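Number of protein chains: 2
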Amino acid sequence: VSLAFVAIGDELLTGRVLDRHLLQVGRDLAMHGLSLRSARVVPDDVSAIQSALDAESAAGARSVVLTGGLGPTPDDMTREGVAAWAGAPLELHAVAHEQVLRQVALRHREPVDADVRLATLPKGAAVLPNSVGTAPGFHLVGPTGLEIWALPGVPAEFRRMWLGEVLPRLRVGSEQHVALQVLRTSGAGEREVADRIASLFARPDCRLGTYAGEGEVEVHVAVEAAGPLVAEERLTARVAEVRLRLGDLVHGEGDEALAEAVARRLGQRGETLATAESVTGGLLASLLTDVPGSSAWFLGGAVAYSVGHKTRQLGLDPELVARAGHVSPEVSRAMARQARALHGATWGLATTGWAGPDGGRPGEEAGLVHLALEGPDGLCGSWTHRFPGVDRPSVKLRAARAALRALWLAMGLQS
Amino acid sequence: VSLAFVAIGDELLTGRVLDRHLLQVGRDLAMHGLSLRSARVVPDDVSAIQSALDAESAAGARSVVLTGGLGPTPDDMTREGVAAWAGAPLELHAVAHEQVLRQVALRHREPVDADVRLATLPKGAAVLPNSVGTAPGFHLVGPTGLEIWALPGVPAEFRRMWLGEVLPRLRVGSEQHVALQVLRTSGAGEREVADRIASLFARPDCRLGTYAGEGEVEVHVAVEAAGPLVAEERLTARVAEVRLRLGDLVHGEGDEALAEAVARRLGQRGETLATAESVTGGLLASLLTDVPGSSAWFLGGAVAYSVGHKTRQLGLDPELVARAGHVSPEVSRAMARQARALHGATWGLATTGWAGPDGGRPGEEAGLVHLALEGPDGLCGSWTHRFPGVDRPSVKLRAARAALRALWLAMGLQS
């Protein structure tokens, strides 16, 4: 199966917008045992679209996924480009028109001329429904047998239609069903994660992929089988094996961020959290408050960036701060204790460190981080991390994720 | 001039890495009056690279910018692909080898076999020096006259070599010099920014581009002239005109973020800042602490996510909170006053609001934000913003940027 991806839009070539769809398409195809032979970006121009499709056809592509250029404005030329390439006239498509009018009605507005354009598709095209926006996508098999899947460029629309309408059908011809699960890990680098599951990579019926982010690594697990139920059953078994190897590196599944995993455990236990941050400078609180409903369990935080804040607002002993240094395990522990006490929270989580570019005393280079967690039974622990050679925002993000991970683990140990 | 961009790398097609270079290349070319006719991504494969170059040559491209695949590992095939396309044998390039050995020495390690590969280039290639990494780039004119500019994919290396070595030479043949400046604005959407400078777009000797981010809009100004000094002089005049139209929407130049502009003004004045955040949940403090050296002027912040925090830690009057509601101009003003007082800071900056998905009382929909700023002369003001239909992290970011902007403006008014 030879597949190609074509993103259409002047804005993608003039630095106005970054195409992110290729990332998703590439990743999803890999998990389904498929791969792209090429990807390209072309302007909103009939002949450019035509040449790109001619080139893919000549190169032996079976399917081309197109994104963008399906909107109502005059610069949206994807329908025209595909029609010209296929030698198929554009005509008002009844099913498409009905869908457009339904979406227009949902938006409480009157239909306009531009809405008709959205439903004017190359003759012979089949509609790909868009449940999120007004512009339908379409599927067309061209004269050379090359099939086109045209999808809107709007991210939410593209994502849903790609996963729901296109990806499953790119596998037509294969008798196999694919079941896929994403595990999210933290606390180890991509190499360690890949090493732990290395022997599982050899299984012919199971595909694994690792994708590294800042302090997080995603593991994608895909299983093929003759039927969907068998595939799901096997996936469950494979995921259990992967989880066994990875142990408590795994903090969540699917799209769930680490802060959401923490929120889920706090919610289940009916517990609350307060933070006292130095090195993370508010980022830890910000990750927590990105979670909808966080006001139910996040009582508040201090960004104790000055010694005065640490002693006066948090009530730390000035002598301790002077003796241990404001970047120290001792001070991080005292901050965690005070954060918990001041708010009457179940948990108090604290960070200190040097975000850089400068460090502190000898041995305290930029990237040195001390974390501490205080819980219902007193101090749960304090941890030291080193993130050398990393810029300021990255030190903050890695430190904040390490802190979230410490809390998540502590709740797991207790339950 | 017909230009094309080709990114090379399996990882770009399998969802492991997103190509961001296209964004920069497109934007920079637009400001120099040039544009890409296409962009494509191909795998690390000799024949795929060869076909892409054949296709660009057949389509009449004059120059192709290649990125990636210049590393030392066996999957890096760009040198081989270009050599095969040009019919030029690979040979050790003396100048390139010298540069590689110099970079190796800078890294305090011994040369290895793989280093030789880095300097093995198609016969006839000219070296493009890499001052940041070990892999040199190269320039080659192929048999059909198509010229290749091959650059490493590593972002810091690509960026420097693109701006320093390639972009200026893509304009060879033109007698004109280009001078470019980036202005950063906040406080208005892209349409308003574009409208204010609309009549300047018509000038033949000046190119303007607007690029929208979350709560920020960049304006790129480029000027062409026969000599570099004349170009710089004209640029200064055009930038002054643009600044005049945009007034205090402009907060900085080049890469300077809004928080850095705030930091610059605080530093100049020897003043300090404390924050009290509700709706922004720590993000405001985090943007401020992203700035190197922020501990000199950022005294600390409270993430007052609960009513208890607002009254107990910040010392707000419980009756006021109950009467006005914890999301209200009154409470944001009291928070700003207390943030300033508790820390003895020059400025106190506060945010309240509904980040969503839920809002508050009738009329208080998600995205409603109240900001307040207290300064040396008492309350500077409080402001209400509405960011409807925007997700939680975006409400937080826009509110935080609006707060930074309020502070930045207040310091400007005083000076």
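Residue numbers (my numbering), protein chains in the order written: chain A, -6 to 408; chain B, -6 to 408.
Glycine included, each C-beta is placed from N, C-alpha and C at the ideal position.
Since the structure is predicted, the reported quantities are computational estimates derived from the model, not experimental observations.
### Message
Distance check for A:Ala79 and B:Thr137, CA to CA, integer angstroms please.
### Response
Going by the C-alpha atoms only, they are around 31 Å apart.
### Query
Which residues in chain A sit within 8 Å of B:Gly294, going by Cβ to Cβ distance?
Those are Gly275, Ala295, Val296 and Tyr298, listed as they occur along chain A.
### Message
Residues in the same chain with beta-carbon distance under 8 Å from A:Gln43, minus the five sequence neighbours each way, listed in chain order, please.
### Response
So the qualifying residues of the chain are Gly74, Ala77 and Trp78.
### Task
Taking B:Asp106 as the reference, give the member of B:Ala224, B:Leu133 and B:Gly64 with the closest Cα.
Looking at the Cα atoms, B:Gly64 is the closest of the given residues.
### Query
Based on the DSSP secondary-structure assignment, which residues constitute the bridge partners of B:Tyr204?
Beta-bridge pairing links B:Tyr204 to B:Glu211.
### Task
List the residues of chain B whose Cβ lies closer than 8 Å to the Cβ of A:Asp47, in chain order.
Going along chain B, no residue has its Cβ under 8 Å from A:Asp47, so there is no contact; the nearest lies around 10 Å.
### Message
Counting only Cβ-Cβ distances shorter than 7 Å, please list the residues of the region 314 to 345 of chain A near chain B, keeping chain order.
### Response
Those residues of the region 314 to 345 of chain A that come within reach of chain B (Cβ to Cβ, closer than 7 Å) are Leu335 and His336.
#### Entry: Interface positions of the region 9 to 22 of chain A facing chain B (Cβ-Cβ less than 9 Å), listed along the chain
Listed by position, the residues of the region 9 to 22 of chain A near chain B (Cβ gap below 9 Å) are Arg9, Val10, Leu11, Asp12, Arg13, Leu15, Leu16, Gln17, Val18, Gly19, Arg20, Asp21 and Leu22.
### Task
Taking the CB atoms as reference points, tell me whether A:Val125 and A:Glu150 lie closer together than 9 Å.
Yes, the pair counts as a contact, with Cβ atoms nearer than the cut-off.
### Query
Can you give the Cα-Cα distance for A:Asp38 and A:Val109, rounded to whole angstroms?
Cα to Cα, A:Asp38 sits roughly 20 Å from A:Val109.
### Message
Quick check on A:Thr282 - is its C-beta less than 9 Å from some C-beta in chain B?
### Response
Output row for A:Thr282: interface = yes.
#### Entry: Minimum Cβ-Cβ distance from B:Gly352 to chain C less than 9 Å
Checking the listed chains, one finds no chain C in this structure; the protein chains it contains are A and B.
### Message
Checking 9 Å against the spacing of the C-beta atoms, do A:Leu372 and A:Leu400 come in under that value?
### Response
Taking 9 Å as the Cβ cut-off, A:Leu372 and A:Leu400 do not qualify as a contacting pair.
### Query
Listing by chain order, which chain B residues have their CB less than 7 Å from the CB of A:Gly146?
Residues of chain B passing the Cβ test: none, with the nearest at roughly 15 Å.
### Span separating the alpha-carbon of B:Arg410 from that of A:Ala51
In the structure displayed, chain B extends from -6 to 408; residue 410 of chain B sits before or after that span and is not available.
#### Entry: Candidates B:Gly274, B:Ala267, B:Ser192 and B:Thr273: closest to B:Leu239 by CA position
Taking only the C-alpha atoms, the option nearest B:Leu239 is B:Ser192.
### Query
Taking only beta-carbon atoms, is A:Arg153 less than 9 Å away from chain B?
A:Arg153 does not count as touching chain B.
#### Entry: Minimum length 4: unbroken alpha helix (DSSP H) runs contained in the region 244 to 288 of chain A
Within the region 244 to 288 of chain A, the complete alpha helix (DSSP H) runs of at least 4 residues fall at 251 to 262 and 276 to 282.
### CB contact below 9 Å: A:Phe291 versus chain B
Closer than 9 Å to some Cβ of chain B, the Cβ of A:Phe291 qualifies, so yes.
### Task
Determine which residues share a DSSP beta bridge with B:Gly341 and list them.
According to DSSP, residue pairing for B:Gly341 in a beta bridge involves B:Ala267 and B:Glu367.
### Query
Between which two residues does the beta strand (DSSP E) containing B:Glu140 stretch?
Glu140 to Leu144 is the span of the beta strand (DSSP E), which, as asked, contains B:Glu140.
### Query
How is A:Leu228 classed by DSSP in three states: helix, strand or coil?
For A:Leu228, the three-state secondary structure derived from DSSP is helix.
### Query
In whole angstroms, what is the alpha-carbon distance linking A:Val243 and A:Gly182?
Looking at the two C-alpha atoms, the distance is approximately 12 Å.
### Message
I want to see whether chain B comes within less than 9 Å of A:Ser56, judged by CB atoms only; does it?
### Response
For A:Ser56, no Cβ of chain B is located within less than 9 Å of the residue's own Cβ.
#### Entry: Opposing strand residues paired with A:Gln174 [DSSP bridges]
Answer is A:Val214, bridged to A:Gln174.
### Query
What three-state label does DSSP hand B:Glu323 in the structure shown?
Reduced to three states, the DSSP call for B:Glu323 is helix.
### Task
Starting from the C-beta of A:Thr273, find all residues in its chain whose C-beta is less than 6 Å away, skip the five residues before and the five after it, and write them out in chain order.
So the list reads Thr344, Lys389, Ala392 and Ala393, once near-sequence residues are dropped.
### Message
For the region 178 to 200 of chain B, list every residue whose C-beta sits within 8 Å of some C-beta in chain A, in sequence order.
### Response
Answer in chain order: no residues at all.
### Query
Got a sec? Which residues, its chain only, sit under 8 Å from A:Lys351 by beta carbon, not counting five neighbours each side?
The sequence given here has Asp at residue 351 of chain A, not Lys. The residues Ala359, in chain order, have a CB closer than 8 Å to that of A:Asp351 in the same chain once the five nearest residues on each side in sequence are set aside.
### Task
Note down, in chain order, each residue of its chain lying with its Cβ closer than 6 Å to the Cβ of A:Pro129, except the 5 sequence neighbours on either side.
Contacts found: Ala89, Gln92, Val120 and Asn123.
### Query
If you run the structure through DSSP and keep just helix, strand and coil, what is B:Arg30?
Three-state DSSP puts B:Arg30 in a strand.
### Task
Report the rounded CA-to-CA distance for A:Ser325 versus A:Ser287, giving the unit in angstroms.
Straight through space, the alpha carbons of A:Ser287 and A:Ser325 are spaced by roughly 24 Å.
### Query
Can you tell me the Cα-Cα spacing of B:Ala81 and A:Arg30, whole angstroms?
Per the coordinates, the alpha-carbon of B:Ala81 lies some 26 Å from the alpha-carbon of A:Arg30.
### Task
Taking C-beta pairs closer than 9 Å, name the residues in chain B that A:Pro285 reaches, listed in chain order.
Ordered by position in chain B, the residues that pass the 9 Å Cβ test against A:Pro285 are Ala348, Gly349, Pro350, Asp351 and Arg385.
### Task
Would you tell me roughly how many angstroms separate the C-alpha atoms of B:Val284 and B:Asp384, rounded to the nearest one?
Each residue's alpha carbon lies about 26 Å from the other.
### Query
Is the distance from the Cβ of A:Val216 to the Cβ of A:Gly202 below 9 Å?
Not in contact: A:Val216 and A:Gly202 (Cβ atoms no closer than 9 Å).
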